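Worksheet for the structure shown next.
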Amino acid sequence: MTDTVSTVKAKGAKRATLALLLAIGALGVSGYMYYQGTKAHAHTVYQLASLDNATQTNNTQLQQNITEINRQIDLLKGKVDSFNTSKFSANNYQINTLIGLATQSLIAYHDINSAIKLLNYAQSVIDANNSPIYTELKVAITTDVDRLKQMPILDKVVIATKLNNIIINADKLALIINNDKDAQPIPDGAPDSKWIRFLDDIKTRILGLVQISSIDGSNALNLLPQNRVIIHQNLKLDILNARMALLQSDENNWQYSLNSARQSLVAYFVNSADMSGVLDEITKLQQINVSYSEVGIEQTLKALNKLNNLEK
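Under my numbering, the first residue of the sequence shown carries the number 4, and numbering increases by one thereafter.
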């Protein structure tokens, strides 16, 4: 009985010791695992802190890079704006010059063809730039060019040549003298006295010494022989005045000079084939309007002025 109790106590002590050892082992394992966990957590925290520092450093560097890029963009934008401004000013200068020359061609020289060409050149500059800011000016130029193309084009060289031919043929026209229907042109004197005689005739005309009178109520004339050349010179002067009016696009003086020449032909010259040809030519010339009073490029100038104000 006593041995049994002792044996039980010994077994219980062993079990208690085993349980204690197991508890201590479990506690040691738990402590080790806690240590390892703490160590791993500390390492993780360290890594996170390192990553955070690296991220902050990268963010700082990235922000600096972004700032530098924005500065470069602003600098480039300023250069582009400056270039665009310079290009805009250069284009405007070229356009203003071409339109100014077109205006001068119309006002000073009455040259519609040259004005159309210059406006087309200005249009090509606008097309090359291809900016919406020129839209109104482009429309205005197109409108004015179309209107100019509808104007009658005068070939002043051809017309002036016709006037010169009349002047050349004036000496061939026979004067009506004392009802002599078969009158021939009065020959000039010696060649070396032509200008002296012309000056003398002009002085005689100014002093009122030309004697012209009607006979029998007809158109026949009595002329002093030395003054007959005055009639031819008057006709030439009328044609010269008409040519000057053509160059100046002076419609009133053009019509007045041609009408005066026409009246001289009818009143003083024999109705011959040469005279009829000259008279027909003058009649055709009188049908030409040499005035360009209604020609202009108002729409273009208005749009150009608006564009120049935008530049300011």
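Built from N, CA and C at the ideal position, the CB exists for glycine as well.
Since this is a predicted model, take the numbers as computed values, not measurements.
Residues sharing a beta bridge with residue i, DSSP
i	result
Leu-65	DSSP lists no partner for Leu-65.
Leu-178	Phe-272
Local Cβ density within 10 Å of residue i, reported as buried at 16 or more and exposed below that
i	result
Val-148	buried
His-235	buried
Val-232	buried
Ser-134	exposed
Arg-18	exposed
Asn-95	buried
Ser-33	exposed
Leu-23	exposed
His-46	exposed
His-113	buried
Ser-53	exposed
Tyr-49	exposed
Tyr-37	exposed
Tyr-35	exposed
Ala-270	exposed
Leu-51	exposed
Ala-26	exposed
Leu-78	exposed
Leu-65	exposed
Ala-29	exposed
Ala-16	exposed
Leu-176	buried
Leu-21	exposed
Ala-105	buried
Glu-71	exposed
Ile-218	Here the model assigns Ile-218 a pLDDT of 42, short of 50, so the residue's position is not dependable and the matter cannot be decided.
Pair within 8 Å by beta-carbon distance, residue i and residue j
i	j	result
Ser-260	Asp-241	yes
Leu-157	Val-293	yes
Met-154	Ile-115	yes
Lys-152	Ile-119	yes
Short CB-CB distance (under 8 Å) between residue i and chain B
i	result
Leu-104	Absent from the structure: chain B. Only one protein chain is present.
Minimum C-alpha distance to residue i - residue among the options
i	options	result
Leu-313	Lys-175, Ala-57, Leu-140	Leu-140
Gly-299	Ile-171, Thr-20, Ala-143	Ala-143
Ser-92	Asn-132, Leu-78, Ile-119	Asn-132
Ala-2	Arg-246, Thr-106, Lys-239	Shown here, the chain extends from 4 to 315; a query on residue 2 therefore has no answer.
Ile-169	Lys-152, Leu-243, Ala-26, Lys-159	Leu-243
Ala-173	Leu-24, Gln-64, Leu-30, Val-273	Val-273
Asn-308	Val-269, Lys-175, Ile-98	Ile-98
Leu-178	Asn-237, Thr-146, Ile-129	Asn-237
Arg-246	Tyr-271, Thr-41, Lys-159, Gln-50	Lys-159
Asn-311	Gln-258, Asn-255, Tyr-137, Val-269	Tyr-137
Near the ligand GDP: residue i beta-carbon under 7 Å from a heavy atom
i	result
Leu-21	Summarising the ligand content, the structure contains no ligands, and the ligand GDP is consequently not present.
- request: Flag this pair as touching only if the segment 250-263 and the segment 273-284 have three or more C-beta atom pairs under 8 Å; answer yes or no.
  value: no
- prompt: Counting Cβ pairs, one atom from each stretch, are 3 or more of them under 8 Å apart for the segment 151-165 and the segment 283-291?
  reply: Three or more Cβ pairs drawn from the segment 151-165 and the segment 283-291 lie within less than 8 Å of each other, which places the two stretches in contact.
At least three beta-carbon pairs within less than 8 Å, the segment 296-310 to the segment 113-127: yes
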